[in-house]
Structure formats: structure tokens, C-alpha cells
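Under our numbering, the first residue of the sequence shown carries the number 1, and numbering increases by one thereafter. Here is the structure we will look at.
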Amino acid sequence: RFQACVYFASVFQAMSCGIHYLASVFMAVTPNFVCGIPGNVSSAQFYNSSESSIEDIWTLWTSTENYIVVQLENGEIWELNQCSRSKREDGWNTTYEYKGNRSVYPCSDGFLYDDTKWKSTVVTQWDLVCDREWLAKLIQPTFMLGVLIGAVIFGDIADRLGRQRVIWFTSTGQFVFGIAVAFTFDYYSFVIVRFLLAMVSSGYLVVAFVYVTEFIGIKARTWASMHVHAFFAVGIMIVALVGFLVRTWWVYQIFLSIATLPFVLCCWMLPETPFWLLSEERYEDAQKVINIMARWNNISTPCKVSELCSVQQDDLVIGRTGDNDTSSTKKHNILDLFCNWHIARRTITVWLIWFTGSLGYYVFSLSSVSLGGNEYLNLFLIGAVELPCYIIACIGMDKLGRRNTLIPFLILSALICVLIMFIPQDFNILIILANMAGKFSIGVAFGLIYLYTAELYPTIVRSLAVGSGSMMCRVGSVVAPFCVYLRSVWIFMPLLLVGIMALLSGILTIMLPETLGKPLTNTLVEATEMGRNKKSCSEKTPPAHSGATMEKIEMLGQETGSTEK
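Next up, the structure:
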């Protein structure tokens, strides 16, 4: 019961990460617009249709190349384009097609926006169109840059100050900065506060993975860690729902931010993990947490920290007398991931999979609102399709193996990208279903690579490998918005890039070793041998003694878990 409560409380807040990561798809949408006019309109004309106001013409608007002809109350006739306006010299000619002389003027009177779908967005709030359009396109990339930096900073702080404090700070920060975004007074303050929001959101997600992993027992760890992603997907679905109900950007942002307020009010109740407390030699605090777990789980005889400490002391003695003392204390760096050809090839492939998974994930998500049909339903379905994909990923990893699951889904996502290019643009339902299939397949690969990376590398560089892969993932998330903007060059350009990357990743993955059923390696030599022959490396080299304490804790965790019923 204790582990279940801690798990669901922690992953509940992961929804807010999904919410803030994708909030800009509606908050920063650019509606139809034309130049503002220096006077009151008496009539407006669009091709063969005449209306008394411009608002009545938006339903007829079909292309950015269109323009509106308006006659002002003072008799002047203007042609309104998106980024310019022209005054007709012949003030009596009101026909739509005009061949006479014009005087072209800039949009010095602002812009007129179509508010039939959105009453207000950040684009309409600060006129982020025409020569300021690039500012609107920087909103999502700068947020993702904050995600990258936040993951690095808060991951390190969590190791130094503890998981509990970082969870407190980042969850509170998500609420505070989320509300603050709605009350920013200009574009630059908006981007800065969103950047801070991205840092704390990313920090929470990274630390939450570690936090729940250190509380969950071995049997449920794969499923539990994988389904943190599922709650992230629920956050995307909430974005679609709130976007459908609220059409003013700052109200929309407030509603999204208060969605996870219950967690902020009770997050202070979450305990520190015994693993971190033991690593800091805070044995009394660790014992208190263990006692609380025992009471919740109806365990009459909780384990004693003194037992764990005795195992740890034995490890230290063995470590000091062992032959590998100097090698075990050697400091490792990123270059160790390229120590030989086999490990270097493995690292390049793993980095490429991390990058491709993140790129494909956000390209499919961000472009879902541009597929035609109901953009809110599109985003909701793109989020919902993730829920079964993580179940399939878990089953595939356990039954088929990590590599044998990863390869077909990477190649399948590439084939789906190609298939979408051949679907006629009028077949909206078919296009949406194909994009859902693409998101599903890339989601399986993206969710699987976390565990696969940890198993491919030895203990001495495992954290480096996962951390560097995560950095490549963040780089992919920064590049993804720019990739989506390439739709203006060619509508299928984002899909083409994702398809090429997925196909290349799938082919290179064939050369990676399978790790299902194999023990974790401890040295780079063992990791290299795992890729070169089929024999388990553990048959040649005994496991490192440093794992004994962990095994003891895991054994106790399993004992507690088995008596929860």
C-alpha cells in the first residue's frame, strides 16, 4: 500500500509535465489575420461576397494569399493583405479585381484577427506575425531548451540534496510559474517565465523517475517506470480538453496550471527514499522511513538498517582487499563511451535512437493540430494512443527481447511516415489514423530505450550512458519544433526527416546485442564481450562485490511486497 500511494502520488504530478510541454500548441496558435485599417468599415468584399463587417468574411477565408477589399466611412477603398495594405487611387472602383494604381502602406495600425476559434492567443496579444513571426516560432524551442537545462541541473541537485526536496521545489515551481505565465506583461517576460517553467517541469520528471524507481520493487519496476510516460500522455489529453473548453490563452494557462494543484498541497507528505538516506549515512532517518513503510504494509517485523549497514561494511572490507581496487575507484568520463570500436558504435547507435525517439514523438504531437478536422480531437487521440503503446512495449521487452522489439517498431514508424505521404490530403480520417499509428510505434521505441540503454553498458559508466542519451533526447526535443516549421517548405518534410532517422536507427539497432535474460555487466571488457559472443559475461567474471548491499535491500523490498496482500 505504501509503495502504491507514493507511486500514484508522484506520477500524478507527471501529468503537469505533459500539460506544460504541449500547452503551446493552442496557446501560440496563429489565426487568420489581415492588416488593420485607419478608420471605420462601411462594407467589406471577398471575391463575390459582400458583407457589412470583416468578421463575417473569416468563414470564407481559404489561403494566406487572399485579401479583403474594404470601403471606409470616408469613402476610401483599401485592399488588406496579411502583411501589407494598399489604398486604391480610384476611390470609386469597388470591384474585387482591380487593375489601377495603388499606394502600399505597412501595417502601422496593427492587425485584425479571426477570433471565431480563439478569442485571444499570445500571437494576437503581442502581434507575433509578419516580421515578428519568428518570435512566435521561438516559443516552443526556448521551452525545450529549458527542459534540457533543467534535466541537467535538477538531476545533479537531487543527488546532492535528496529527491524529496527537489520534488517539493519543482512541483511547487510548476504551479507558481504556470500561474505566472498567465500574468506576464510582454513577450519577453512570457518567454522567460516559460523557460523557468520548463526547467522545473523537466527537473520534476527526471527526479520522479528516480524517486519511484527507488521505492518500487524489482518485479514491478519495469512496468512502473514505463507507465510514468502514460501519465505524461494523460497530460497531453488534458491539454486537448482544456483547449476545447477555454479559448482565451491566459485563462487556458491558469486552468492547465491548477489541474495538479492537489499534488502541490500534499507533496510535503512524501518521504525521502531510503536509498538516498543510506548513501548519505543518515541511518536513523532511513529507519524511520522503513518503519513507516512497515506500518502501512502491515509488516510486524520491519527490516533493520543495522543489517544493511553490516552488509555495506563487508563490501568495504572486500573492496579494500580485492585486486580491482584501483580500477573501481577510477573516475570515468564521456570518452569511456568511445573506448573501443564496439562500444563507440554502440554509443552512436543508442544516441541516434534517443534523438530519433524524441524527434518523432514531438513531431507527431506538435503537428497533430495541423492534420485537418478537429484539432482538439486530433491532439486528444495522439495522447490517448500512447497508453496502450507502453503496455505493448513492456510485453514485447519481456517476451521478445529489447532489441527484437525495438527494431520492428523503429522500421514500422519509418514505413508509416512514407505511407502518410501517399495518402490524399482529402482523407482526413485516414491521415489522423496513420499519424496515430506513427506515434504509437515511435512511442514504443522511445519508452523502451531507457531500460535498454542501462542494460547495454557496464556499472562503471551506466549513469554516464543514460545521462548522455537523455541529453540527446533533449536535443531532439529542441530540434522538433523547427522540424515541424518545415511544413511551410514542403508539407511532408517533417515526416520525411523522421522517417529517414527512424529507418537508419532501426538498421543500426540490428548490430546491438540482446540483453534480455542477461546479467548486468560491471566492466567495459564484459560489455564489449556481450556484443561479440553469445555467452553470458557473468560466466567468465564474477559480479562486483559492490552490488551486495543493493541485492540485500531489493530482497527486503521483495519480502515486503509479497506480504502486502
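Cβ atoms here follow ideal geometry from the backbone N, Cα and C, with glycine treated the same way.
Point to revise | Nearest candidate by alpha-carbon position, reference Tyr98, set Cys35, Thr30 and Glu79 | key: Answer by Cα proximity: Glu79.
Practice item. Compute the Euclidean distance between the alpha carbons of Lys137 and Asp131, then round it to the nearest angstrom. Key: CA-to-CA, the gap between Lys137 and Asp131 works out to about 12 Å.
Review point. Distance, Cα to Cα, Cys30 vs Val129?
Key: Checking the sequence, you will find Thr at residue 30 rather than Cys. Inter-residue distance for Thr30 and Val129 is about 8 Å (C-alpha atoms, whole angstroms).
Check your understanding: Going along the chain, which residues of its own chain have a beta-carbon closer than 7 Å to the beta-carbon of Ala4, five neighbours each way excluded?
Key -> Shown here for Ala4: not one same chain residue has a beta carbon closer than 7 Å to its own, the five before and five after excluded.
Practice item. Can you check DSSP and say which residues form a bridge with Thr213? Key: None; Thr213 has no bridge partner.
Check your understanding: Does the Cβ of Tyr592 have 16 or more other Cβ atoms within 10 Å, making it buried, or fewer, making it exposed?
Key -> What is shown of the chain runs 1 to 565, which leaves residue 592 out entirely.
Exercise for review: Evaluate Leu352 with the Cβ neighbour count: other Cβ atoms within 10 Å of its Cβ, from every protein chain shown; 16 or more gives buried, anything less gives exposed.
Suggested key: By the Cβ-count criterion, Leu352 is buried, with 16 or more other Cβ atoms from all chains shown falling within 10 Å of its own Cβ.
Practice item. State the DSSP-derived secondary structure class of Arg346, mapped to helix, strand or coil. Key: Note: Arg346 maps to helix in three-state DSSP.
Check your understanding: Is it a yes or a no for the segment 371-382 touching the segment 391-410, going by three-plus beta-carbon pairs under 8 Å?
Key -> Touching, no, given that fewer than three Cβ pairs across the two stretches are closer than 8 Å.
Point to revise | Extent of the continuous beta strand (DSSP E) to which Gln71 belongs | key: Start and end: Ile68 to Leu72.
Check your understanding: Which first and last residues belong to the beta strand (DSSP E) in which Leu448 is found?
Key -> Leu448 -> not in any beta strand (DSSP E); alpha helix (DSSP H) instead, spanning Asn428 to Leu456.
Review point. Where does Leu138 fall in DSSP's three states?
Key: Three-state result, Leu138: coil.
Check your understanding: So, helix, strand or coil for Tyr98, using DSSP?
Key -> DSSP, read as helix, strand or coil, puts Tyr98 in coil.
Practice item. May I ask you to report which of helix, strand or coil DSSP gives Ile19? Key: Residue state, collapsed to three classes: helix.
Point to revise | Three-way DSSP call (helix, strand, coil) for Ala240 in this model | key: Residue state, collapsed to three classes: helix.
Exercise for review: Assess, as a yes-or-no matter, whether the segment 43-53 is touched by the segment 261-271 under the definition of 3 or more beta carbon pairs within less than 8 Å.
Suggested key: No: the two stretches stay apart, fewer than three of their Cβ pairs being nearer than 8 Å.
Point to revise | Option nearest Glu89 by Cα separation, candidates Gln82, Gly100, Tyr96 and Asn81 | key: For Glu89, the closest of Gln82, Gly100, Tyr96 and Asn81 by C-alpha to C-alpha distance is Gly100.
Review point. Between the segment 138-155 and the segment 197-209, do three or more beta carbon pairs fall short of 8 Å?
Key: Between the segment 138-155 and the segment 197-209 there are three or more C-beta pairs closer than 8 Å, enough to call the two in contact.
**Study point:** Where Gly203 sits in the DSSP three-state scheme
**Key:** Reduced to three states, the DSSP call for Gly203 is helix.
**Study point:** For Phe380 and Leu241, the rounded distance between their alpha carbons
**Key:** For Leu241 and Phe380, the gap between their C-alpha atoms comes out near 7 Å.
Review point. Nearest-angstrom Cα distance between Leu508 and Ser468?
Key: Their Cα atoms are separated by approximately 18 Å.
Check your understanding: With DSSP run on the structure shown, which of helix, strand or coil describes Ser10?
Key -> Helix at Ser10.
Check your understanding: Are there 16 or more other CB atoms within 10 angstroms of the CB of Trp490, so buried, or fewer, so exposed?
Key -> Around the beta-carbon of Trp490, fewer than 16 other beta-carbon atoms lie within 10 Å, marking it exposed.
Review point. Can you give the Cα-Cα distance for Val228 and Ala14, rounded to whole angstroms?
Key: Rounded to the nearest angstrom, the two C-alpha atoms are 7 Å apart.
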